[in-house]
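A.B. asks:
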Ligand code: MLT
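In our numbering, the protein residues as written are 1 to 264.
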């Protein structure tokens, strides 16, 4: 069932299914809660699953002109407050992982664990910031073309044919995202701080899901970061790029649930 919680006079939409301990799913960029439909079908048998449309994505409207990771984390908190949920595991895909880290920093007492699915605690490099500035200019003129190009780079080379229908679905989600939503997220990601300190000595477990063939985040860099975190564990998907929940769906489902069990 789709529900909403009010945050800054704006409805934040989410689904709430299953029973028991709670896993909160945070989508990446340019996605929506729809990306989790397959994963939810399995995980809701064992857990309560909240999947949120972050501000500017899916059905949730934009809030102002920059969606910082902190603002998105506050939107997540508003959802949890509306449900009286105190302790959750957060699983964030890429940008969703940046939001999960911002949440853990602000609300450590509510964080039982974090799964960083193709995500990093590092801030943008100078090159990445310049790329985002360029992307913002492109999106102002033609967001549909930009979205299509971004999504093509998310899959591991060679996986395009196998996941044709999933690629189409992601493109449709991306194309439904407003240019303002895309720009607000790009602005927010560009100014996010380094949050390595949130997970280096965390008192909650951290789980890295890494795609060996990820073209957005280098697998070796992520492995190195994970080795510096005292409570980190890692799952490497040999045949995945940036979209393990599609390219390595079954393994991601099993490993995420195993991780969540360990956190509670
Ligand atoms: C994502 O998948 O959410 C994006 O690749 C994140 C980013 O652009 O840093």
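In this text, a Cβ means the ideal position worked out from N, Cα and C, and glycines have one as well.
Treat the numbers as computed from the prediction; the structure is a model and nothing was measured.
Return the CA-CA distance between residue 46 and residue 147, expressed in angstroms with no decimal places.
C.D. replies: For residue 46 and residue 147, the distance between alpha carbons rounds to 34 Å.
A.B. asks: Would the segment 151-160 count as touching the segment 235-253 if we require 3 or more Cβ pairs under 8 Å?
C.D. replies: Touching, yes.
A.B. asks: Quick one: is residue 98 buried, meaning 16 or more other Cβ sit within 10 Å of its Cβ, or exposed?
C.D. replies: buried
A.B. asks: Just to confirm the assignment: which complete alpha helix (DSSP H) runs, minimum length 4, are found wholly within the segment 53-84?
C.D. replies: 69-82
A.B. asks: Under 7 Å: does the beta carbon of residue 174 sit that close to some heavy atom of the ligand MLT?
C.D. replies: no
A.B. asks: How close, in whole Å, do the beta carbons of residue 289 and residue 60 come, if the pair is a contact with beta carbons under 8 Å?
C.D. replies: Past the boundaries of the shown model lies residue 289; the chain is included only from 1 to 264, so the question cannot be answered.
A.B. asks: Following the continuous alpha helix (DSSP H) through residue 229, name the residue where it begins and the one where it ends.
C.D. replies: Residue 229 -> no alpha helix (DSSP H), and no H or E assigned at all.
A.B. asks: Hey, is the segment 179-186 in contact with the segment 101-119, meaning 3+ C-beta pairs nearer than 8 Å?
C.D. replies: no
A.B. asks: By a C-beta neighbour count over all protein chains shown, 10 Å radius and 16 as the cutoff for buried, is residue 28 buried or exposed?
C.D. replies: buried
A.B. asks: What residue does the beta strand (DSSP E) around residue 110 start on, and which one ends it?
C.D. replies: Element bounds for residue 110: n/a, residue is neither H nor E.
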